[in-house]
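Chains as they are written, first to last, in the numbering used here: chain A, 277 to 391; chain B, 5 to 117.
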């Protein structure tokens, strides 16, 4: 099992540009989560999906952020337009079910720097 | 709103000693609590889960306690090794929270030879 796959691993862009982060969850997992991690705010949940449907997007900071999950094996997180304060590490995670006992498996993260 | 507090200062201990990390939470009553380990440049990795009706859970050199009265969980690593150096995150979970984890800021542990 390859685990959760994220791409790119590093992204450097200029303010105002569109950024798209990609995630492939573990095969068979029904839940997919997007997190953002910064030194100031720690690890924050942005949005999560169940069976490709967004369930809770209350953590999405603003309208510049959007996430999609067109099928069970692929999700994107898009920032348009990007701003320097979006610089962070973005993690994707998946779990087999939504139960509180379920482990979440994290990808390696995408380190985003917006200049 | 829910609040989770972990030791903000790094914990430095000598190899072979027991490391104890604290996780305090307020304003809610989680049914479960998960602990994760995060190494620099990598995503968090699950370590242990404890239920509210369990006082203690063990896995090899790891031990977790959960005191719902004190609203606190303690994470112990016995016979610590330099390889245990990492950041440890706690994440209380609602029973009806559909696995929506709210993570603490984490405590960085450094085990010195």
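For glycine and all other residues, C-beta sits at the position ideal for the given N, C-alpha and C.
Residue i, buried or exposed, once every other Cβ within 10 Å from all chains shown has been counted against 16
i                      : result
residue 112 of chain B : buried
residue 83 of chain B  : exposed
residue 303 of chain A : exposed
residue 85 of chain B  : exposed
residue 282 of chain A : buried
residue 300 of chain A : buried
residue 60 of chain B  : exposed
Within-7 Å CB hit, residue i to chain A
i                     : result
residue 47 of chain B : yes
residue 90 of chain B : no
residue 50 of chain B : yes
residue 79 of chain B : no
C-beta neighbour in chain B for residue i, strict 7 Å
i                      : result
residue 314 of chain A : no
residue 308 of chain A : no
Cβ shell of residue i (< 6 Å), same chain only, five flanking positions each side left out
i                      : result
residue 29 of chain B  : 8, 75 and 96
residue 327 of chain A : 306
residue 88 of chain B  : 81 and 115
residue 286 of chain A : 387
residue 380 of chain A : 369 and 371
residue 342 of chain A : 354
residue 365 of chain A : 313, 385 and 387
Residues near residue i in its chain [Cβ-Cβ closer than 7 Å; skip 5 each side]
i                     : result
residue 65 of chain B : 81, 82 and 83
residue 26 of chain B : 10, 11, 76 and 78
Residue i: contacting residues in chain A (beta-carbon distance under 7 Å)
i                     : result
residue 20 of chain B : Result: empty, since nearest Cβ-Cβ is about 30 Å, beyond 7 Å.
Proximal residues of chain B, C-beta to C-beta of residue i below 7 Å
i                      : result
residue 367 of chain A : 47
Sequence-distant residues of the same chain with beta carbon closer than 8 Å to residue i, five excluded per side
i                      : result
residue 357 of chain A : 291, 292, 293, 294 and 340
Legend entry - Entirely enclosed beta strand (DSSP E) segments - the region 48–110 of chain B, minimum 3 residues: 49–55, 60–63, 66–71, 76–81 and 90–97
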